[in-house]
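Numbers given in our numbering equal positions in the sequence shown, counted from 1, plus 1. Glycine is no exception: its CB is placed at the ideal position from the N, C-alpha and C atoms. Note that this is a predicted model, so its numbers are computed, not measured.
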Amino acid sequence: MTAPFVDLHELRCHFKSGDNLLAAVDGVNLQIAAGEVLGLVGESGSGKSTLGRIIAGLQSRSAGNIVIDGKTMPHKYSRRQFRAMSTQIQMVFQDSYASLNPRMTILASLQEPLWSLGVKGQAARDKAAYWLDRVGLPQSAGERYPHELSGGQRQRIGIARAFIAEPKLVICDEPVSALDVSVQAQIINLLQELQREHNTAMLFIAHDLAVVRFLASRTAVMYLGEIVEIGPTAAVFESPRHPYTVRLLAAHLDGNPGERVLRTATPVKAIANRAPLATDGGCRFAPRCQMAEAACSNSPPWLHASRVKTEAACHRLVDIEIINSKLKA
Ligand code: ADP
Ligand code: MG
C-alpha cells in the first residue's frame with residue numbers, strides 16, 4: 002500500500018469545560034488514502050467536527066501527530082504554512098454561509114482560493130466561470146452576493162470553492178444537513194461526481210447513515226472522541242461489530258442488519274454477569290452497552306483487526322462475531 006495522504010497518530014484535542022477538560026478527540030489513529038472516500042459517523046458531540054477541523058488546520062490539537070502527504074505537520078501553522086496546506090485540504094461546511102464572505106460577489110469568492118496560488122486576472126475569472134457551470138449555476142449567479150442565493154445554490158458554490166484549486170482532500174462536514182430534502186440528493190450526487198472526476202480523497206462526516214453508505218468506501222464510527230469501529234463500508238453496515246455501531250444502525254436505518262444483531266444480542270445481556278460499571282479506565286460505551294460485562298469496566302478495549310477486515314474496539318468481539326455468523330447462516 003502506498004503511504005496514506007493523511008496519517009493521524011494518537012491525535013487528541015481537549016477543551017476546557019469549567020474546571021474539567023473535555024476530550025473532544027481522544028487518541029485517534031486514522032489514515033485516509035489518496036482518492037478514497039472515508040465516511041465518519043457517530044452521534045452529536047462525538048468529536049467528528051473537531052477531528053475534521055484539526056485535519057483542515059482550523060483547530061489546533063492538544064497532542065499527537067499529523068502527517069500529510071508524508072510530511073509531519075507543525076503544531077501551529079504559520080500563515081504561509083496554512084496557505085500551503087489549505088491548497089491541499091479544503092472543507093465544505095454544513096452552514097453554506099461559513100465559507101463565503103458576505104461582501105464578496107460569488108465570482109470573487111470562487112476566485113479567492115486561486116489568488117493565493119498565484120492564479121489571477123482572466124485565468125482566475127475563466128476558471129471561476131467554468132466552476133459556476135460545473136456545479137449547475139448560471140453565469141449570472143456570479144454577480145450575486147451569498148444572501149441572494151438559496152441554501153442549495155450557496156452549497157453548490159461552497160463545493161465549487163472547495164474543489165476549484167484541485168485539493169487532494171475535501172472534508173465535508175454534514176454538507177446537506179441544513180438543506181431541503183429535495184435538494185439533498187442533487188448535492189450528494191454532485192459531490193460524488195466531482196470526487197470521481199478529480200480523484201479527490203474525501204472525509205465525509207454525516208448524521209445520515211444512508212448517505213455514508215452510498216458514498217463512502219470505508220466507514221469509521223466515533224464515540225466520545227474515539228474511533229470504535231472502522232472498516233469497509235459494506236462490512237460495517239452489514240456485519241457491524243461494535244455494540245455502539247449496532248445501536249447506531251438500529252436507530253437510524255429501518256430493517257437493517259443492525260436491528261437483527263441487536264435483537265439477537267439481547268439474550269446475551271441476560272446471561273452476562275453484569276457488575277456495576279465504572280467509566281474510568283474501562284470501555285466508554287460500557288454504561289450504555291447491553292452486552293457489557295464486568296471485564297468491560299476494567300480495561301479499555303483497543304481496535305482489533307478481524308477476518309472481515311474491520312476493526313472494532315470491544316472486549317466482546319468474539320461473541321459478536323458468533324452472532325453475526327449465526328445471522329449469516
Ligand atoms: P460532533 O461534530 O460529533 O457533533 P464536535 O466535534 O462538534 O462533535 O464536539 C465534540 C465535543 O467537543 C462536544 O462535547 C462539544 O461540545 C465540544 N466542543 C467542540 N468545540 C468546542 C470548543 N471550541 N470549545 C469547547 N468545547 C467544544
Ligand atoms: Mg459536528
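Touch test, the region 174-191 against the region 4-20, Cβ-Cβ under 8 angstroms, three pairs minimum: no
From the DSSP output, which residues share a beta bridge with Q32? D8
Taking just the CA atoms, how far does V171 sit from I165? 11 angstroms
I need the DSSP call for S18, collapsed to helix, strand or coil. strand
Which residues have their C-beta within less than 7 angstroms of a heavy atom of ligand 2, listed in chain order? S45, K49, S50, D174, E175 and I206
Give me the Cα-Cα distance between L250 and A35, rounded to the nearest whole angstrom. 28 angstroms
Alpha carbons only, please: which of Q91, E239 and L225 is nearest the one belonging to A287? L225
If we count Cβ pairs, one from each stretch, closer than 8 angstroms, do we get three or more for the region 190-206 versus the region 50-58? yes
Mapping the DSSP letters down to three states, classify C297 as helix, strand or coil. helix
Who does K72 pair with in a DSSP beta bridge? I69
Identify, in the order they occur along the chain, each residue of the same chain with its Cβ nearer than 6 angstroms to the Cβ of P302, setting aside the five sequence neighbours on each side. C284, A314, C315 and H316
Completely contained alpha helix (DSSP H) runs for the region 125-188, where each covers 4 or more residues: 152-164
Just to check, is the beta-carbon of A25 closer than 7 angstroms to a non-hydrogen atom of ligand 1? yes
Return yes when the C-beta of S61 is under 7 angstroms from any heavy atom of ligand 1, and no when it is not. no
Spatial neighbours of A202 within its chain, please: C-beta separation below 8 angstroms, excluding the five flanking residues on both sides. F6, V7, I33, A34, A35, G36, E37, V38, L39, K169, L170 and V171
Exposed or buried, what is G58 when buried is set at 16 or more other beta-carbons lying within 10 Å of its beta-carbon? buried
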